[in-house]
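Visitor: If you count the sequence shown from 1, position 1 lands on 6 in our numbering, and the numbers rise without skipping.
For glycine and all other residues, C-beta sits at the position ideal for the given N, C-alpha and C.
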Amino acid sequence: MTARIGVLALQGAFCEHEEALAQCGADVCEIRTLEDLKGVQGLVLPGGESTVMGKLVQEEGLLEPLRTLCRGGMPVLATCAGMILLAADLPDFVLQPRLGVMDISVRRNAFGRQQESFTTFLPVQRFCAGAEDCVEAVFIRAPVVERAGAGVEVLACVDGHPVAVLEDSMLALAFHPELTWDLRFHAWLVRRAAARTRH
Ligand code: GLN
6 MTARIGVLAL
16 QGAFCEHEEA
26 LAQCGADVCE
36 IRTLEDLKGV
46 QGLVLPGGES
56 TVMGKLVQEE
66 GLLEPLRTLC
76 RGGMPVLATC
86 AGMILLAADL
96 PDFVLQPRLG
106 VMDISVRRNA
116 FGRQQESFTT
126 FLPVQRFCAG
136 AEDCVEAVFI
146 RAPVVERAGA
156 GVEVLACVDG
166 HPVAVLEDSM
176 LALAFHPELT
186 WDLRFHAWLV
196 RRAAARTRH
């Protein structure tokens, strides 16, 4: 059982995601143009610089096609800048191009500058077996969720702010599982994409 997973590869840390997905048995491809979306069953929106990534997505004419796929229930794993791309509300950067398909309000760079990057151990609901079972979560100029809509499930928090959220088939993480080789989130994406295709 495998699935074709497209990794948005216009900017940012996409190579590590590709490697993690390959280890989960996915058929991985890079998304740079509309053509690349053909046959894709799941998507990764990687970390990077969301302003640049959003602009490039817009320039490539990918904003609307990606929105349509997300709204149509395509499984998505978004990390860090990817979470920002998904956010419906971005109060401090209202005009920043993004998909805006997830019912969350996000604050960019919520933990401060690059020097304030940190690692912590988080029990992430649905993905961890209990409080003892944690994910090593690397935060790099990470965003936080300030408001999560009624249909959004909060899976983990730091300082009371949601940093892992799930809405339908979209999973958004403020941290970077692709940097610690914790494959649980990528495996979830591949499973979900494969299961959806079979039905
Ligand atoms: N600070 C970046 C932004 O606002 C996100 C950082 C990341 O993806 N590691 O776009």
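Return yes when the Cβ of Ala-147 is within less than 8 Å of the Cβ of Ala-192, no when it is not.
Guide: no
Visitor: Is it buried or exposed, Leu-50, if we count other Cβ atoms within 10 angstroms and call 16 or more buried?
Guide: buried
Visitor: State the CB to CB distance for the pair Leu-184 and Val-143, rounded to an integer number of angstroms; the pair is presumed to be in contact (CB under 8 Å).
Guide: 5 Å
Visitor: Using only CA atoms, which one of Ile-145, Arg-131, Thr-7 and Val-140 lies nearest to Val-121?
Guide: The identity of residue 121 in the sequence shown is Glu, whereas the question assumes Val. Taking only the C-alpha atoms, the option nearest Glu-121 is Ile-145.
Visitor: Please report the straight-line C-alpha distance between Gly-87 and Gly-53, rounded to a whole angstrom.
Guide: Looking at the backbone, the Cα of Gly-87 and that of Gly-53 are separated by about 8 Å.
Visitor: Going by the C-beta, is Ala-125 closer than 7 Å to any heavy atom of the ligand GLN?
Guide: Reading off the sequence shown, one finds Thr at residue 125, where the question assumed Ala. Every heavy atom of the ligand GLN is 7 Å or more from the Cβ of Thr-125, so no.
Visitor: Under 7 Å: does the beta carbon of Pro-148 sit that close to some heavy atom of the ligand GLN?
Guide: yes
Visitor: Alpha helix (DSSP H) containing Ala-27: first to last residue?
Guide: 20-28
Visitor: Near Val-140, what residues of its chain come up, given a Cβ to Cβ distance below 6 Å and the 5 sequence neighbours on each side ignored?
Guide: Leu-127, Val-129 and Asp-187
Visitor: Let me know the secondary structure DSSP gives Ala-92 once reduced to three states.
Guide: strand
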